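Take a look at the structure below.
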Amino acid sequence: MFSKILIANRGEIACRIAATARQMGIRTVAVYADADAQAKHVASCDQAVPIGGNSPKESYLQWQRIIDAAVATGAQAIHPGYGFLSENPEFAEACAQHGIVFIGPPAHSIQAMGLKAESKRLMARAGVPLVPGYHGSDQSPDLLIARATEIGYPIIIKASAGGGGRGMRVVTHAEDFAPALLSCQREAASGFDNEAVLIEKYVKQPRHIEIQVFADSHGQCVYLFERDCSVQRRHQKLIEESPAPGLTEAMRQQMGQAAVAAALAVGYVGAGTVEFIVEQPNGHDDPDAMRFYFMEMNTRLQVEHPVTEAVTGIDLVQWQLLIAAGESLPLRQEQLRITGHAIEARVCAENPDNQFMPATGLVSTYNKPPHNAFSVAPHDGPVHGVRFDDGIRAGDAITPHYDSMIAKVIVHGATRAQAISRLDAALADTHIVGLTTNVQFLRDIIKTDSFSQARLDTALIDREADTLFDQDHIGINQAVAAAVAHLLQTESALQTNDAFSVRDGWRAFGQTQRRLDFVYRQNTLSATLTYGKNGALTLQMGEQIGPLRYVCLTDTEFTVQWCHAPLLFSIYATGKHYTLFGAQGMAQITALDPLAQAAHAHDDVGNLTAPMPGSMVSFMVQVGDTVTRGQPLAVIEAMKMEHTISAPNDGVVQALLFAVGDQVQEGAPLLKLMVTKV
């Protein structure tokens with residue numbers, strides 16, 4: 001076994017690999033970009049080597065620097081994690097040339113499965129079912145349009161060398177094909193340095209079910225059952241679970257055997273995932289009619305591997321290390337079992353109510369639920385049923401250079417219903433302040449009828465949109481009352497023994513009234529606080545009036561009562577901005593500063609600004625163009641994805657303020673629009 005390995009990755013996966021290595025007595029070496037000098041994964045390893053740069057292209061994709069770091073530190077093997085270099089055959093070959101073990105499959109296996117078109121041709125020869133489509137090398141637009149027409153709309157365009165939902169577009173009408181192709185090719189060229197695409201039939205009511213496989217260098221291969229990854233946004237997974245609800249035992253075996261055949265067809269060694277699209281021609285209630293088709297093979301560990309670990313009790317990273325060291329598979333197929341049900345939710349820095357726009361910023365507060373920091377089977381850990389994998393700490397900055405996922409919450413239960421309940425409780429206790437996250441959105445997903453009743457397909461989020469987007473979980477009365485309670489508690493903490501410092505609103509004659517202005521869910525509102533005798537408080541907003549009572553339990557925990565039963569809140573303040581967490585959900589409310597309001601009263605609302613730092617991809621308009629509300633105007637790239645900026649109102653383009661390829665900072669005006677209609 002290795003005595004030292006280098007982890008060529010960052011974030012939660014680097015921390016997770018380091019945890020298993022530590023348990024096995026293996027020393028670890030971290031590498032880090034300039035932006036990650038103080039990152040958690042650096043502290044999690046025994047040594048750390050700087051590789052410079054900030055963006056992946058400048059740092060974690062510079063494989064020669066990583067090999068140099070391994071040689072310099074005496075690391076015998078390199079674990080690539082997922083993403084970055086994990087599926088780069090040239091890197092795997094370079095490791096071998098330097099006498100370093102690549103903890104992953106052979107380069108020829110990565111090469112065979114790395115290009116989707118070629119892998120599908122291999123799978124056809126191996127007898128694995130395929131979705132109808134075009135996987136050819138001729139990439140002329142006219143031919144691609146013709147093939148799409150032959151297949152029949154809707155179709156899906158995929159980057160041949162892609163993954164992670166990037167370089168992928170669904171097209172439902174022929175007239176939308178050309179712009180979708182161009183966008184897909186741009187994203188593919190940027191993310192994978194290869195703009196080739198393939199076209200496939202878009203399967204209706206599809207489920208995304210994948211099989212975890214493991215093969216050793218002695219010719220043995222097993223499958224460790226399936227994961228359902230159907231809950232997705234932007235073709236990227238959000239929630240994964242194992243076992244897949246409603247999957248028959250016969251189909252589980254058929255898919256497992258097909259996955260093993262796929263791995264053996266390319267001489268696979270190590271951990272891999274064979275992904276299938278599962279068609280439900282008769283809807284969700286007829287599992288016997290489901291059919292599965294090969295999509296692709298990911299020649300690496302997957303983000304969602306913890307749910308497999310939870311139901312099998314197997315440390316997949318430990319297996320990777322054993323097999324990379326030349327050992328045989330620890331278990332045979334007949335020895336593998338599924339126990340209970342596991343679900344993983346990906347916590348991402350993004351705004352679901354703004355088309356999942358990635359978010360950047362400083363993590364000012366980061367409170368996690370009671371959990372096992374690392375436990376392959378969370379039900380065996382000191383905290384029953386909850387595991388939390390992450391790569392951040394309070395005080396860390398989330399930058400635009402990397403993927404938006406910052407943590408994973410994994411739960412296990414005896415049943416699926418118990419796992420859902422545990423996941424909701426764990427997410428409710430996940431308090432992240434300083435930037436927008438999808439934690440509340442994840443809670444909303446698992447409470448939908450579709451998810452709770454296991455009516456799963458990749459359109460679940462779209463189907464449940466009315467209950468998922470733009471939801472008010474706290475309510476205006478509760479939000480205002482909580483903000484006022486925190487404001488008053490903060491003011492009372494400033495009191496001294498000086499009688500004139502007491503802030504109880506006392507006056508010799510009459511009552512003190514105080515106007516408080518807030519912004520809640522983009523609406524400005526006013527409330528009146530009346531100070532009565534003996535500390536009594538009355539709060540009025542519109543027609544709602546009543547006594548306000550609160551108890552400060554800790555620095556952040558309050559019970560608050562106004563026009564409703566007492567509610568328990570965790571309240572975090574950043575200046576006048578309050579983030580509220582309660583059993584019913586979370587919300588944000590801001591107390592307005594009248595002076596600041598006046599200063600911004602004449603801001604030019606016609607300037608469209610960058611929602612995050614990134615690079616300018618294209619402008620879709622020219623100076624002088626007349627545009628309508630909602631019309632796409634510009635595209636920027638950040639966090640590995642393209643983001644379209646649309647017109648907020650009708651208007652005329654007056655100026656384009658950047659050139660294609662320019663780097664833009666968050667909040668920078670991209671173009672100037674003279675508004676003609678609001």
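Sequential numbering from 1 applies to the sequence shown in the working numbering.
Every residue, glycine too, gets a C-beta built ideally from N, C-alpha and C.
Quantities reported herein were computed from a predicted structural model and do not represent experimental measurements.
Separation of residue j from residue i, as counted between CA atoms
i: Glu350; j: His79; result: 28 Å
i: Pro400; j: Arg10; result: 14 Å
i: Arg22; j: Gln185; result: 42 Å
i: Ser646; j: Leu633; result: 5 Å
i: Gly162; j: Phe225; result: 25 Å
i: Gln236; j: Gly267; result: 28 Å
i: Glu666; j: Pro613; result: 5 Å
i: Tyr134; j: Gly585; result: 46 Å
i: Glu491; j: Asp34; result: 41 Å
i: Asp193; j: His98; result: 25 Å
i: Leu673; j: Leu608; result: 7 Å
i: Trp63; j: Cys95; result: 9 Å
i: Glu118; j: Asp429; result: 45 Å
i: Ala48; j: Ala18; result: 12 Å
i: Thr530; j: Leu423; result: 41 Å
i: His602; j: Asn298; result: Here His602 scores only 41 on pLDDT, less than 50, and its place in the model should not be relied on; the value that follows carries that caveat. Approximately 53 Å, taken between the alpha carbons.
i: Glu363; j: Asp396; result: Just to set this straight, residue 363 is Val in the shown sequence, not Glu. Taking the straight line from one Cα to the other gives about 6 Å.
i: Val171; j: Leu580; result: 40 Å
i: Ile151; j: Pro132; result: 7 Å
i: Ile155; j: Glu279; result: 15 Å
i: Ala598; j: Leu144; result: Per-residue confidence for Ala598 stands at a pLDDT of 45, beneath the threshold of 50, marking its modelled position as unreliable; no derived number is given.
i: Tyr223; j: Phe374; result: 23 Å
i: Asp403; j: Tyr153; result: 31 Å
i: Ala180; j: Pro378; result: 43 Å
i: Ala174; j: His643; result: 23 Å
i: Cys15; j: Leu331; result: 26 Å
i: Leu680; j: Tyr366; result: Any question about residue 680 goes unanswered here, given that the chain covers just 1 to 678.
i: Gly191; j: Gly661; result: 15 Å
i: Gly270; j: Thr308; result: 15 Å
i: Lys447; j: His218; result: 46 Å
i: Ile157; j: Glu296; result: 14 Å
i: Thr538; j: His486; result: 15 Å
i: Tyr520; j: Ala262; result: 53 Å
i: Ala77; j: Val101; result: 4 Å
i: Gly542; j: Gln513; result: 15 Å
i: Ile199; j: Glu187; result: 16 Å
Candidates the options, of which the one nearest residue i by Cα
i: Leu130; options: Phe91, Val203, Val71, Ser242; result: Val203
i: Gly256; options: Phe214, Arg233, Glu241; result: Phe214
i: Ile636; options: Met616, Leu61, Gln654; result: Met616
i: His284; options: Met251, Val197, Ala250, Ser450; result: Ser450
i: Leu322; options: Thr20, Lys672, Thr626; result: Thr20
i: Gly104; options: Ala117, Gly191, Ala8, Cys552; result: Ala8
i: Asp555; options: Leu488, Trp562, Ala459, Glu200; result: Leu488
i: Tyr32; options: Gln320, Pro287, Gly52, Ala426; result: Gly52
i: Arg463; options: Gln511, His41, Val231; result: Val231
i: Cys563; options: Gly630, Arg549, Ile571, Gly340; result: Arg549
i: Gln483; options: Gly575, Ala638, Ala70; result: Here residue 483 turns out to be Ala, not Gln, going by the sequence shown. Looking at the Cα atoms, Gly575 is the closest of the given residues.
i: Gly475; options: Gln588, Ser190, Glu327, Phe619; result: Gln588
i: Tyr293; options: Asp444, Asp286, Ile571, Lys201; result: Lys201
Close beta carbons around residue i, own chain, < 7 Å, minus the five adjacent residues each side
i: Pro382; result: Asn372
i: Ala107; result: Pro89, Ala92, Glu93
i: Ala325; result: Met1, Phe2
i: Leu61; result: Phe84, Leu85
6 Å Cβ shell around residue i - same chain, five flanking residues per side excluded
i: Leu568; result: Thr559
i: Ala75; result: Lys4, Ile5, Leu6, Val29
i: Gln663; result: Ser615
i: Ala244; result: Ile209, Glu226, Asp228
i: Ile211; result: Tyr223, Glu226, Met255, Gly256, Ala259, Val274
i: Phe619; result: Ala634, Leu656
i: Arg455; result: His284
Own chain, CB closer than 8 Å to residue i, minus 5 neighbours either side, in chain order
i: Val439; result: Val347, Leu427, Thr430, Ile432, Met586
- Item | Minimum length 4: unbroken alpha helix (DSSP H) runs contained in the region 143-203 | 177-192
- Give, in chain order, every unbroken run of the alpha helix (DSSP H) that is at least 4 residues long and sits entirely within the region 397-470. You should have 416-428, 439-447, 449-452, 460-463, 465-468.
- Message: Using a Cβ distance threshold of 8 Å, determine whether the region 380-399 contacts the region 477-485, with at least three qualifying pairs required.
- Response: no
- Task: Only counting runs of 4 or more residues, tell me where the alpha helix (DSSP H) segments fall wholly within the region 38-76, in order along the chain.
- Result: 40-44, 63-73
- Complete runs of the alpha helix (DSSP H) confined to the region 243-268 [at least 4 residues]: 249-265
- Task: Determine contact between the region 618-625 and the region 652-664, defined as no fewer than three beta-carbon pairs at a distance below 8 Å.
- Result: yes
- Task: Taking only runs that begin and end inside the region 268-313, name each unbroken alpha helix (DSSP H) of 4 or more residues, in chain order.
- Result: 305-312
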